Structures are given as structure tokens and as C-alpha cells.
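A quick write-up on the structure given underneath.
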Amino acid sequence: ADAGVAAPAKSKCPFSKENMAMEGAPKAAEMGLLPGERYIAMNRFQVRDGSEAQFETRWATRKSSLIELDGFRWFGLFRRVPPSGEDPQPYPDDYNYVSFTIWETKKNFNAWRTGPAFKEAHGGGSVMNFFGMIINGFMTSKGPPKPAFWRGMLMEKTRDEKPRLASGPGGRAEADGSEVLDPEVFVSMNRFTVAAGREAEFEQRWANRESKLQDQPGFRFFQLMRRDQTPDDDVNYISMAAWDDREAFDNWRNGEGFKKAHGGGKPPQAGAGHGGAGGEGSSGPMGGALVRPPRPYFYEGKLVLESEQGA
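Residue 242 in the UniProt record's numbering sits at position 242 of the sequence shown, with consecutive numbering throughout.
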């Protein structure tokens, strides 16, 4: 929109101050919350049916200098895949792609967001290149991406030595938009709505859980994520785990380690597991700490880029 002219709410620039807002983060020290170990920036996309391959190709061929930046740890482009389990439920939203970047600190993220690497990733210095990117984006997506920011905590990593994944944005120059890219990892998430005032209790439950994830075949890393802004939905926590593939995750979810972590019972409906979210009491999920049961989400991760330190 021209200066001084208010744009309609649905057509705000995706890089506007409103969409990049980071206000409303919980005051961790005052609330007795866990300190953040990582900073995560997510963008949620509604990609049009039939445009998935074209959308992925834009990421596969774009310029990126992420690997050179201070504090960069991990990147993946996630394509949402159907849920699984005994009673899989449909997803409640249309965000079928997520870009997911892990930084060491919020300061590192802000340095990228205000520096030349951000401009490079969003069309370069040319105004025509920028608007060309916007036009191509709206051809494949139903609207601008929605950002979400998080503090990562309780990071766990596999004990196994794994080959470093290093395709990343711009790492598949041969992609031509004719088909979607092959997955490189599988990602399971549980999305939580924690009741106001119960955040510290929720985090301590995770911090005190007995986890066997590090020894699971195919496991890569896990973290608990706390929203670092006023949510635009009802989700203020996510548990997230990355696996080599879906088979590795399914083997964990159907195995003894999962059952022990969830009191020996059957896996909850399509639940993503991770060993800390179970338990419904008479006052509701987790004794009333949760407003509703967690919602599982599953993704195939592509164009994964890992720093030497990993996530």
C-alpha cells in the first residue's frame, strides 16, 4: 500500500511490522519458567492444491547464506502429511507448509532479520526482484505466511553419529517444479494450549520426565517450544521431535519406550508422543493444566540444513 493509505487486513505485506510482531512474550524469570536454549522462527504457509512442487522449487533454488550466519543452527521446510494412529483426527487449519529455523539466540535471529541476508532471501536488493518474489508467492499460496516465534528448551540429541544434512534453501538447483522433493527427515509435533498460570507446572512436568529418546533408533533431536509472542491462535507450547523417517517414529510410538512414558497404556489418538504429554485427570488433560488435549501434527522435512553443531 502507498504511504498513508491503510491496506486491508487480508493484504498486509508479509514483512510488515504487524506480521513480524514479537510483543507479548511471557516474562520467563518472573513466572518461574525455564530459560530458553534456542530461538525458533516459523512461517506457516497455505499452499494451493497442485502448487506444492512449484512452491518447494522456489525454496530449492533461492539464494541463501544461512549457513554462514552467526548463531544459525538448523533449517527445514516442512510439508504436512496425513496423521496416523488409532483414531486420526483431521487437522483444524490449512497451513500445509512450515519453514522452520533454529537459532542459538533471539539476538542472532534479529541480526539476520535486519541484515543483508534477509534481503537476499526475500528477493535481493532490487525492487523488481522483491515484487517478482511476492507475485510468485501469491501464485502458489493463498495468502502471506504467518510467522510464529518460540523459545526452545530441554533440547535432546541423538547419541549416534549421523551424516550432516546440508541441502538447505538453494541447495537443489536441479529442481524444476515438476514434482515435490524427497523428504530428508520426519517431524512429529504436539501442539498445546496451556491454561494461564499453569505454564511453570507444565514445563516442570516435561523437565522431570524420564526420556529414552536419545537411544531410540532413527531419533535425531527433541525440544519443547514456548511461544515468544502473543499467539494468533490458541497454541502456546509445542513439543517437537525430528526423526530419520516416519518408520523410525512409528517404531517408537508403537514400542515399549512410548508405553512406559505414557503410563503403560496405548498411544493416544494419533499422538506424537515424545514422552511427557499424557495423563488426563478428573479436571481435564494434565490435571487441568491443559485447556484441551494436545493436537498432533506430522511433517516431512525437506531442504534440511544443519550447522556443524547441529540443532
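Ideal Cβ positions, reconstructed from N, Cα and C, are used throughout, including at glycine.
All figures in this text were calculated on a predicted structure; none of them were measured in a lab.
Take Ala-195, set aside five residues on each side of it, and the residues of its chain with a beta-carbon closer than 8 Å to its own are Gly-288, Ala-289, Leu-290, Val-291, in chain order. For Pro-145 and Arg-38, the gap between their C-alpha atoms comes out near 22 Å. If you look at Glu-300, you'll find it in the beta strand (DSSP E) that goes 295–306. DSSP links Arg-48 through a beta bridge to no other residue. In terms of Cβ geometry, Ala-117 and Ser-167 do not form a close pair [threshold 7 Å].
Non-local C-beta neighbours of Thr-61 in its own chain, meaning closer than 8 Å and more than five positions away in sequence, comprise Gly-170, Arg-172, Ala-173, Ala-175, ordered along the chain.
Rounded to whole angstroms, Trp-74 and Phe-221 show a C-alpha spacing of 11 Å.
Secondary structure at Asn-251: helix, using DSSP grouped into helix, strand and coil. Selection Arg-227, Arg-205, Thr-114 evaluated against Gly-36 yields Arg-227 as nearest (Cα-Cα). Per the coordinates, the alpha-carbon of Glu-199 lies some 9 Å from the alpha-carbon of Tyr-237. In the three-state reduction of the DSSP assignment, Lys-106 falls in the helix class, which pools H, G and I. Straight-line spacing of the CA atoms in Lys-63 and Glu-120 works out to 7 Å.
Between Ala-41 and Phe-192, the gap from beta carbon to beta carbon reaches 7 Å or more. Around the beta carbon of Lys-302, 16 or more other beta carbons sit within 10 angstroms, so the residue counts as buried. Arg-58 sits buried, since 16 or more C-beta atoms from the chains shown fall within 10 Å of its C-beta. The residue from Ser-188, Thr-105, Asp-233, Asp-245 with its alpha-carbon nearest to that of Phe-298 is Ser-188. Under the criterion of beta carbons closer than 8 Å, Asp-215 and Arg-159 qualify as touching, at roughly 7 Å. Under DSSP, Pro-147 takes part in a beta bridge, and its partners are Asn-43. Boundaries of the alpha helix (DSSP H) around Arg-205: 199–207. One Cα belongs to Glu-306, the other to Leu-165, and the distance between them is close to 6 Å. Distance from the Cα of Asp-250 is smallest, within the candidate group Ser-239, Thr-230, Pro-217, Gln-223, for Pro-217. Membership of Met-286 in any alpha helix (DSSP H) is not indicated, and neither H nor E is assigned to it by DSSP.
Per the coordinates, the alpha-carbon of Pro-296 lies some 20 Å from the alpha-carbon of Glu-156. Taking C-alpha positions only, Lys-212 is separated from Trp-252 by approximately 10 Å. Taking Leu-77 as the centre and dropping the five residues before and after it, the same chain places the C-beta of Trp-59, Ser-99, Lys-302, Leu-303 closer than 6 Å to its C-beta, in chain order. Collapsing the DSSP output to three states places Gln-223 in a strand. Ala-241 sits in a strand when the DSSP states are folded into three classes. Pairing Leu-224 with Met-286 gives a Cβ-Cβ distance that is not under 7 Å. Of the other Cβ atoms in all chains shown, 16 or more fall within 10 Å of the Cβ of Thr-140; this residue is therefore buried. With fewer than 16 other beta carbons inside 10 angstroms of its own, Asn-208 counts as exposed. Per the coordinates, the alpha-carbon of Gln-229 lies some 11 Å from the alpha-carbon of Lys-27.
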